[in-house]
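Oh and the sequence shown: position 11 is 11 in UniProt numbering, straight run, nothing missing.
C-beta atoms are modelled at their ideal positions from N, C-alpha and C, and glycine is treated no differently.
These notes concern the structure reproduced below.
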Amino acid sequence: IFQSRCTIKERVCSVIIDGGSCTNVASTTLVEKLGLSTTAHPPPYKMQWLSNWNHTKVTQQVLLSFPIGKKYKDEVLCDVIPMDACHLLHGRPWKFDREAKHDGRKNTYTI
Numbered sequence: 001i002f003q004s005r006c007t008i009k010e011r012v013c014s015v016i017i018d019g020g021s022c023t024n025v026a027s028t029t030l031v032e033k034l035g036l037s038t039t040a041h042p043p044p045y046k047m048q049w050l051s052n053w054n055h056t057k058v059t060q061q062v063l064l065s066f067p068i069g070k071k072y073k074d075e076v077l078c079d080v081i082p083m084d085a086c087h088l089l090h091g092r093p094w095k096f097d098r099e100a101k102h103d104g105r106k107n108t109y110t111i
């Protein structure tokens with residue numbers, strides 16, 4: 001698990017990169033506080049492992065554009081759920097699509 005920060009709509013947001021996660025997720029808090037537009041999730045499903053609640057039905061998605069640092073900019077489609085750990089979680093799909101490489105000794109990602 002790798003923690004960082006990004007900026008969305010000029011607000012600093014917490015990010016976790018987790019290769020053990022099977023999805024990209026944005027917290028409902030992030031979406032609501034920034035007034036982000038969502039779309040209906042094509043096949044809604046239940047997710048159980050990201051919050052203190054038993055399980056959450058995923059019914060919405062949000063397309064997020066954000067920079068990390070001064071050189072990297074990205075856009076990612078995320079499922080929207082209540083989440084306590086961070087504002088934005090990049091899972092295996094994000095890592096795979098960007099061919100992201102983690103250096104465990106330096107604790108850095110190369111994209």
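Beta-carbon spacing of residue i, residue j below 8 Å
i	j	result
Val15	Cys22	no
Among the options, the one whose alpha carbon lies nearest that of residue i
i	options	result
Trp94	Pro43, Arg105, Val25	Val25
Cys13	Ala85, Gln61, Tyr45	Ala85
Met83	Leu64, Gly20, Gly19, Gln48	Gln48
Spatial distance of residue i from residue j (CA atoms)
i	j	result
Thr38	Gly104	35 Å
Pro42	Val80	13 Å
Cys78	Lys9	16 Å
Asp97	Glu75	11 Å
Ile68	His55	30 Å
Leu30	Lys70	22 Å
Thr110	Ala100	6 Å
Integer Cβ distance of residue i from residue j, believed to fall under 8 Å
i	j	result
Pro44	Thr28	Actually they do not touch by this definition, with Cβ atoms about 15 Å apart.
Val62	Leu89	The pair is not a contact, with the Cβ atoms about 13 Å apart (cut-off 8 Å).
Phe2	His87	Contact flag wrong, Cβ pair sits at about 15 Å.
Lys57	Lys46	5 Å
Output the residue ranges of the beta strand (DSSP E) runs that lie fully inside the segment 24 to 59 and measure 3 residues or longer, sorted by chain position. Considered as a whole, the segment 24 to 59 harbours 25 to 27, 39 to 47 as its complete beta strand (DSSP E) runs of no fewer than 3 residues, in chain order.
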